[in-house]
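Structure record follows, encoded as structure tokens.
Protein chains in written order, with the working numbering: chain A, 948 to 1435; chain B, 948 to 1435.
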């Protein structure tokens, strides 16, 4: 903005150009109403007639139109644009991008409705009680309506904490409502717990492979990850962990005890007890991510490590994102002796979690239908995972290995020797299929030959997609010698 | 849990004691249904008959009751408890607590329905479009219903970013929807921006007095606050800031340009332009908290510093918490050249903001009623602030000074010489009135003689509360010499 008084002509052209930029950038879209002449004149400190001239200029250029008694609107395009020249593939090349960008790309694929999405750990939207939640919100009255649009400070909405404490009891954990802090999803809970127990530069031991959300979170906090070997069925190797603890100043351990992401492995109660004991003896906090705990295929919800915690050193984290409401971003933690610290960190970073989501979930959990919902979900996810596994076995070439999870909706597939998951990701994307390449599950490329598939949904499109993936792996194998020749 | 096989008697007593603890701690409340005998037996790995024995023991102790065909429930207390001995005042002594605890206390006062709440910057719940928002949520259909319960990754829900970019235009800021990141409220936005531009230990210049949310946020990130003198009407002193920048390695500046909290001061456009220029010349980012920007008492929404930003160095932050939906925790920032970093930090700390709140707000903003809502809000807040000011002038003793804000709903009151805000806070709390003592607005006790009052609501209770506050100040003055005598 020039400080000398510019000529009126200069002014209305500037104003018109400003609005044109907002139209081309998508801030104002065809059919949108533009600021009134009076608003424009006030906001730009120009006269009403200059504002009017700006709009008339835009009108003469065919960008806006006046509607009687109503003001100026962005014009709908009426002409048919000529065919555009062919453009190159919009998928940027993942070999050129960092792990961070690759993770972002995988996530953003979820917004493309034309893809078969096997790449991200999303529950099947048809299996979520969304309609019930929206109905509950619509029915809020009086005090609850007021609370739904008021600040709720940490530790969070009390009736929700009561419901979570009751569910925790079924997982073998005895908690008072005051032992819980409501968070914005499980990753927020893990992030807060890490901030409560670690300083930048500290070493954190994690299960490996692990989900990229955790890897990125550690990177965001400037923490160093120490990856501990993890058995595809039994979970983290306690002997490897003990060795690591004996030789490194490990400040905390973070792991998924029940149905690890991506392995789907489940620690036995004996191992959980031993793990808690081992860490307690060293006064090392355990941050337990239990987000898949409710997704067991058996009737029995597995115990959490927190159930064996006698020294208040286990920080138990989970959320409603996998079984009820991914769009609500409500999770929690029971941070043991770090309760006050976590409450304070939650307050100073965001003041608290949205009230409306907490009130709605507390109401939903208090209804009697939740047990039925969870039983149905578990049966369907067990069925779908089995179908996806069978289809992989039918379609993928010999040498392929896969996990046998007893809960959750993720399958970890080891491709035959020499196959690269990033190449497969790129080829699959071109054909409208997404998957999570193994690179995302470690800070090193040690899982280059693995992919993770989401098994939450089973239908004809998924069946075809997996058949096609199998064919792509076979094609990749056939292309290998040629590729090697070129490299020589 | 002992590893040897315990006797059945020991077992059912242990299980019964566990449930009793959960009843006394509030996890299970009178009337709540307890886990079924079968659930309890599975979860505790005990026989069905042992589980049944545990419940029978609790029943014999009068804690639970069996309902036919339904299971065990926590018993309603039927006896009238004898009168309890008188207890000491539940308000802990603020002189014994840290700034952090004092801030928490002030916030928690908001959950007590029996207090007249002048202590926290809360909009009047009756002036929020809550019913309309809930109705919008109830009416979501098809694709929007699905989106409301799906993950939305950073930068956030696009239709909401379009609406915010349009509102930004009215504040003189030209933004494309892609220039915005949706956050969980304004403090989350400021926190993310600070993490994007600073490292632990860095010095950040801030306006002073400033709101304790920011002070606590800086503390949480391990940043050092450099407090810059701020004029009660004109805002931050540019000469003092320039001096500070010349003598300190300041890494970023954070301030509220429009209607600072607690002062309510408004920077002129000339000062905003000069500030942006001064910082741009030094390549220092400005994090602009504009959460009260829409709350101007005039028709003209003031410009933001961001409007003068030519080097993409202003990170503009705001939210819907003050004018539309405090319970939704939705804010945003336009982080300029730090866009990618902020998106990434948002992703790695919490994956994103709740979808349902973003979808509902995008729908609300697209309706035509928003301008009317804001105009009404501004008129009412102008009126209420004037009434509170007049009442303070009538009730408080000579020597009291107060700000004259032209927007927002906060009043900053300087008490007469020698009056202490913490003493007043304590005396007022006993009488059911809360206020924010000046100690909360600086890392030093320099505002000991100030209080902040929220003026969002004006009614008979508020009128009486302010009259009473005035009387308490007079009483405090009268007590002063005596107090001094005792100290001598």
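Note that the Cβ used here is the ideal one computed from N, Cα and C, for glycine as well.
Integer-rounded CB distance, given that residue j should sit under 8 Å from residue i
i                       : j                       : result
residue 1259 of chain A : residue 1274 of chain A : That belief does not hold up - the Cβ atoms of residue 1259 of chain A and residue 1274 of chain A are roughly 33 Å apart, past 8 Å.
residue 1067 of chain A : residue 1383 of chain A : 7 Å
residue 1298 of chain A : residue 1134 of chain B : 5 Å
residue 1141 of chain A : residue 1281 of chain A : At roughly 15 Å, the Cβ-Cβ gap does not stay under 8 Å, so residue 1141 of chain A and residue 1281 of chain A are not in contact.
residue 1100 of chain A : residue 1387 of chain A : About 35 Å; that fails the 8 Å criterion.
residue 1192 of chain B : residue 1248 of chain B : Actually they are not in contact, since the Cβ atoms of residue 1192 of chain B and residue 1248 of chain B sit about 29 Å apart, beyond 8 Å.
Exposure of residue i, with buried meaning 16 or more beta-carbon neighbours within 10 Å
i                       : result
residue 1061 of chain B : exposed
residue 964 of chain B  : exposed
residue 1406 of chain B : exposed
residue 1319 of chain B : exposed
residue 1207 of chain B : buried
residue 1144 of chain B : buried
residue 1419 of chain A : buried
residue 1108 of chain B : buried
residue 1034 of chain A : Any reading at residue 1034 of chain A needs caution, since the residue's pLDDT is 38, under 50, leaving its predicted position unreliable; the model's value is listed next. Under this definition residue 1034 of chain A is an exposed residue.
residue 1078 of chain A : exposed
residue 1236 of chain A : buried
residue 1341 of chain A : exposed
residue 1270 of chain A : buried
residue 1337 of chain B : exposed
residue 1113 of chain B : buried
residue 1190 of chain A : exposed
residue 1204 of chain B : buried
residue 1255 of chain A : buried
residue 1194 of chain A : exposed
residue 957 of chain B  : exposed
residue 1023 of chain B : exposed
residue 1325 of chain A : buried
residue 1040 of chain A : In this predicted model, residue 1040 of chain A has a pLDDT of only 39, less than 50, meaning its place in the structure is not dependable; the value taken from the coordinates is given anyway. Exposed.
residue 1370 of chain A : buried
Best match in the options for proximity to residue i [C-alpha to C-alpha]
i                       : options                           : result
residue 1264 of chain B : B:1173, B:1278 and B:1270         : B:1278
residue 1184 of chain B : B:1356, B:1414, B:1125 and B:1202 : B:1202
residue 1366 of chain A : A:1351, A:1403 and A:1417         : A:1417
residue 1426 of chain A : A:1374, A:1393 and A:1380         : A:1374
residue 1305 of chain B : B:1378, B:1084 and B:985          : B:1084
residue 999 of chain A  : A:980, A:962 and A:1010           : A:962
residue 1157 of chain B : B:1256, B:1149, B:1378 and B:1178 : B:1178
residue 1262 of chain A : A:1195, A:1136 and A:1322         : A:1136
residue 993 of chain A  : A:1393, A:1023 and A:960          : A:960
residue 1010 of chain B : B:970, B:1403 and B:1188          : B:970
residue 1390 of chain B : B:958, B:1103, B:1245 and B:1166  : B:1166
residue 1412 of chain A : A:1379, A:995, A:1170 and A:1242  : A:1379
residue 1217 of chain A : A:1241, A:1231, A:1181 and A:1233 : A:1181
residue 1117 of chain B : B:1192, B:1250, B:1346 and B:1215 : B:1250
residue 1354 of chain B : B:974, B:1147 and B:1245          : B:1245
residue 1125 of chain B : A:995, A:1105 and A:975           : A:975
residue 995 of chain B  : B:1002, B:985, B:1358 and B:1058  : B:985
residue 1232 of chain A : A:1330, A:1290 and A:1198         : A:1198
residue 977 of chain A  : A:968, A:987 and A:1020           : A:1020
According to DSSP, residues forming a beta bridge with residue i
i                       : result
residue 1280 of chain A : A:1128 and A:1264
residue 1176 of chain B : B:1155
residue 1201 of chain B : B:1153 and B:1234
residue 1359 of chain A : A:1399
residue 959 of chain A  : Bridge partners of residue 959 of chain A: none, in fact.
residue 1182 of chain B : B:1178
residue 983 of chain A  : In the DSSP output, where bridge partners are listed per residue, residue 983 of chain A has none listed.
residue 1019 of chain A : A:1013
residue 1121 of chain A : For residue 1121 of chain A, which the question treats as bridged, DSSP gives no partner whatsoever.
residue 1380 of chain A : A:1063
residue 1293 of chain B : The partner list for residue 1293 of chain B (beta bridge, DSSP) is empty, contrary to what the question assumes.
residue 1348 of chain B : B:1361
residue 1354 of chain A : A:1243
- Between the region 1301 to 1331 of chain A and chain D, which residues of the former have CB atoms less than 7 Å from a CB of the latter, in chain order? Given the protein chain composition of this structure (A and B), no chain D is represented.
- If you scan the region 1212 to 1259 of chain A from start to end, which runs of the alpha helix (DSSP H) of 4 or more residues do you find wholly inside it? With a minimum length of 4 residues, the continuous alpha helix (DSSP H) runs that stay inside the region 1212 to 1259 of chain A are 1216 to 1228.
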